[in-house]
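Notes to accompany the following structure.
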Amino acid sequence: MVSEHMRLGREFYQRDTLTVAKELLGQRLVRMMDDGQRLAGIIVETEAYIGEDDQACHASHGRTPRNTVMYGPAGLAYIYFIYGMYYCLNVVTEQEGFPAAVLIRAIEPTEGIARMQAHRQGRPLHELTNGPGKLCQALAIDRSLNGCDLCTSPWLFIELARQDEPLIAASRRVGVRGDTLARERPWRFFLLHNPFVSHQGRAPG
DNA sequence: TATACGATCACCT
DNA sequence: GGTGATCGTATAC
């Protein structure tokens, strides 16, 4: 008997990063606010960053204070501050000591939409969470949650929500510069035809 | 101490 | 299509 709101456990995140990136699609990201309000949405777009050999990965130059959470156990939230303005949410994968994570790039809002809209200056539904910086703003995710454990945290976690095998597409990762191999790796995954995927209408990659 | 720049976004032409 | 905002981090000096 599976609970209606079953949280994904450590075993889910400990697997191969590409598998986790694909299987996170269709699951439900949940953010509990201090006042008890529940904000949630279905994950529709992810990206994999795998190991020190991946030139696009924050760990490509080794371990630093900033990226140290990526070296921790699977299931931790790695949240970083970027471009002086935005946060991005990742889930750490694979074995402790190996730096890898999946960036959550977009969700489809399902609960607490009015609150998300307030966090996003009243923008329309389809612009609330269709990008990694936008979804962190909508869900009030910032540095204070960096390193928290998605397997036990009361504030941030992911629930099993996928119904049937979804139609998944892959493309190059967004915003990745540097060497050709890093740019061309098809490690971005998204639900086909979902309107909440980022960069709608643009060429993939 | 100084500098360059980034896993983005919103707004411009 | 292009670009400014805005600041933590890594790296160089």
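Under my numbering, the first residue of the first sequence carries the number 1376, and numbering increases by one thereafter. Glycine is no exception: its CB is placed at the ideal position from the N, C-alpha and C atoms.
| Check | Outcome |
| --- | --- |
| Exposure label - Met1408; buried when at least 16 CB within 10 Å | exposed |
| Residue environment, Pro1474, which counts as buried when at least 16 other CB atoms sit within 10 Å | buried |
| Candidates Gln1389, Ala1557 and Arg1403, of which the one nearest Gly1472 by Cα | Gln1389 |
| Three CB pairs or more closer than 8 Å across the stretch 1546 to 1553 and the stretch 1490 to 1501 | no |
| Assigned secondary structure, Met1458 (DSSP; H/G/I helix, E/B strand, else coil) | Contrary to the premise, residue 1458 reads as Tyr rather than Met in this sequence. Looking at Tyr1458 - three-state DSSP - the assignment turns out to be coil, as it is neither helix nor strand. |
| Proximity to Met1381 [Cα-Cα], best of Gln1412, Leu1525 and Asp1554 | Leu1525 |
| Runs of alpha helix (DSSP H) wholly within the stretch 1460 to 1539 (minimum 4 residues, chain order) | 1488 to 1494 and 1507 to 1513 |
| Beta-carbon proximity check, Asn1465 vs Ile1482, cutoff 8 Å | no |
| Straight-line gap, Ser1435 to Met1445 (C-alpha atoms, nearest Å) | 11 Å |
| Per-residue DSSP class, three states only, for Thr1421 | strand |
| 6 Å Cβ shell around Leu1567 - same chain, five flanking residues per side excluded | Leu1542 and Ala1544 |
| Endpoints, the alpha helix (DSSP H) within which Ala1396 is located | Thr1392 to Leu1399 |
| Ala1431 - containing beta strand (DSSP E), residue span | Taken as a continuous stretch (DSSP letters only), Ala1431 belongs to no beta strand (DSSP E), as it is neither H nor E. |
| Distance between Cys1463 and Gln1470 (C-alpha atoms, nearest Å) | 22 Å |
| Gly1522 beta carbon less than 8 Å from that of Arg1413 | no |
| Span of the beta strand (DSSP E), counted from its first residue to its last, around Leu1404 | Arg1403 to Met1407 |
| For Pro1579, the three-state DSSP class (helix, strand or coil) | Unreliable positioning characterises Pro1579 in this predicted model, as indicated by a pLDDT of 46, which lies under 50. The coordinate reading is nonetheless provided below. Residue state, collapsed to three classes: coil. |
| Selected residue, minimal CA-CA separation from Phe1456, among Glu1398, Gln1430 and Pro1507 | Pro1507 |
| Nearest residue (CA-CA) to Leu1383, options Val1405, Leu1393 and Thr1555 | Val1405 |
| Enclosing alpha helix (DSSP H) for Ala1557 [first to last residue] | Thr1555 to Glu1559 |
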